[in-house]
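Everything in the sequence shown is counted per the numbering used here, starting at 86 for the first residue and increasing by one. Virtual Cβ for every residue (Gly too), placed ideally from N, Cα, C. Model, not experiment: these values are computed from the prediction.
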Amino acid sequence: MQLQTGQFENAETIDRSHSTTRLVRDRVTWLHYAQQGAFGYFQFGFGPSVLLFRQEADLSRTVAGLYGPALAVGAVIGGALFPHLTRRLPLAVVLSIALGGLASGVAMFCLTPSVVGTLVAAAIAMGFGILVLSGVSTGLSDHHATTSGAAISEANAASAGMGIIAPLLINVAVDAGLDWRAAMGLSIVFACVLAAVTALTHRHSTAQIRVVPDRQHSESEGLPRRYWLAWTCLLATGSVEAGLMLWSPEQLRIHTGMAADMAAIGVSAVLGGMLVGRLAGGWVVARIPTAPLMFAALTIAAAGFAVFWSTADPEIAMAGLICCGLGISLHFPLGVALTMKTSNQQPELAMSRNSYGIAFGFGAAPFLLGALADQLGIRAAFGLIPLCLLVAALSVAQLKHLERRDRLTATVPR
């Protein structure tokens, strides 16, 4: 066992009259929400920025698709480092470093004129961003215990909210005669401020020492097969989100006739649906079992995508993206909840491995979509999205089958 400081006491209140556990949001909770919001600004502002940079540098879709693998490389590195950093440093210190690194990566992305330089910058920003994401999920799981699912959903709502703001500010900056770099530069200031606040929060914390499981022992035990089914679902749904974030503006531009700057705002339609879904998610997740809710979210996303994919009308396409975003909104928090539930009480190892799934999703899907779009056109390339949704549904169905088998086995007399 190891001892680690820098965490506040558990924030959880039990309503005895209704026998339910209520989420209590304190200053630690709100700080975690803001931290995830900083990552969300970069994450959801990145796709529109790449679209505008592609036009600026006259890049092919295949070359632009390389930003996906660059993000994946950064995510893999960040995910691999996370359990080692948290083994040696308090979580608040890791988050402070991660936010500073995120700001540095975004600054490099905005200031570097070459394609190679921006690819490296994207990897750096994503690597530190994954540390932020993993740190926030772990911190909320520790801080809120049985209400962590609702807290993680709300943290993702904060991320989606910042994601709506980022594309809008990019469009405002372009219309004002500036460029996308001015809007992305705001995330540098935001992340730096949060890094300082997080460091001060840790420095002035009077929390008691908490006991943390020995990660080396946990890693040696490995993760069960059920975890990897949940991981596959996380990978597939992450691919859907990443593909739409990066390439939906291209579909809007080509098949609905929208201007490039207006098409970039189209990402905000997805994020608007995600924001609504994640704001309601805290309430919904606490009342509906995870697997049925995931099936419902996958169905809503599929329906919205079908509308977006099949129409040439800009308004109908935007409505489809909103519906798609509503379904996508719960994919990540529910996917994380499934991996945590099936991790055999190894949450930090699970979050580390989760980052690999996120990396593959952010890397493979945008690159494959870009490469296929160069060969077949963007509309045909988007056929990957329903395939990913099907893989996610099959993974959850297999998990449900294993749960039912366990219940039947438990009821059989010995």
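Item checked: C-beta atoms of A240 and Q121 nearer than 9 Å -> yes
Note to self: Which same chain residues end up closer than 6 Å to M379 when comparing Cβ atoms and leaving out the 5 residues on each side of it in sequence?
What the structure shows: L419, V481
Check: Taking just the CA atoms, how far does L331 sit from F131?
Finding: 8 Å
Notebook entry, point to check: From T375 to H416, what does the alpha carbon distance come to, in whole angstroms?
Noted result: 10 Å
Next item on the list: Tell me whether the beta-carbon of V158 lies closer than 9 Å to the beta-carbon of A444.
Entry: yes
Note to self: Please give the ranges of any alpha helix (DSSP H) in the stretch 423 to 499, keeping only runs that are unbroken, at least 4 residues long and fully inside the region.
What the structure shows: 432 to 461, 463 to 466, 469 to 496
Item checked: L515 in three-state terms, based on DSSP -> Nothing can be reported for residue 515: it is not among the residues displayed for the chain, which extend from 86 to 499.
Notebook entry, point to check: Run through DSSP, which three-state label would L174 get?
Noted result: coil
Check: Are L319 and V392 touching if we call contact CB-CB under 9 Å?
Finding: no
Checklist line | Straight-line Cα distance separating L170 from S305 | finding: With a pLDDT of only 44 at S305, under the threshold of 50, the placement of this residue in the model should not be trusted, and no figure is reported.
Check: Using the beta-carbon count (16 or more within 10 Å), is S395 buried or exposed?
Finding: exposed
Notebook entry, point to check: Within this structure, are the beta carbons of G186 and I162 separated by less than 9 Å?
Noted result: no
Note to self: Taking only three categories from DSSP, how would you classify L271?
What the structure shows: helix
Note to self: Taking 8 Å as the cut-off, does the stretch 472 to 487 touch the stretch 380 to 387 (at least 3 CB pairs, one atom from each stretch)?
What the structure shows: yes
Next item on the list: Specify, as a first and last residue, the run of the alpha helix (DSSP H) that V135 falls within.
Entry: 112 to 142
Checklist line | Stretch pair the stretch 459 to 476 + the stretch 322 to 340: three plus CB contacts closer than 8 Å | finding: yes
Check: Alpha carbon to alpha carbon, what distance is there between S324 and R489?
Finding: 28 Å
Margin query: Can you list, in chain order, the residues of its chain with a C-beta nearer than 7 Å to that of A388? Leave out the 5 residues immediately preceding and following it.
Written below: C408
Notebook entry, point to check: How big is the Cα-Cα spacing for I273 and A284?
Noted result: 17 Å
Notebook entry, point to check: Among V369, I385, D398, which residue has its Cα nearest to the Cα of A348?
Noted result: D398
Check: In chain order, what residues of the same chain lie with their CB nearer than 7 Å to the CB of D491, ignoring the 5 residues before and after it?
Finding: none
Check: Roughly how far, in whole angstroms, is the beta-carbon of G153 from the beta-carbon of A450, given that I think they are within contact range, below 8 Å?
Finding: 7 Å
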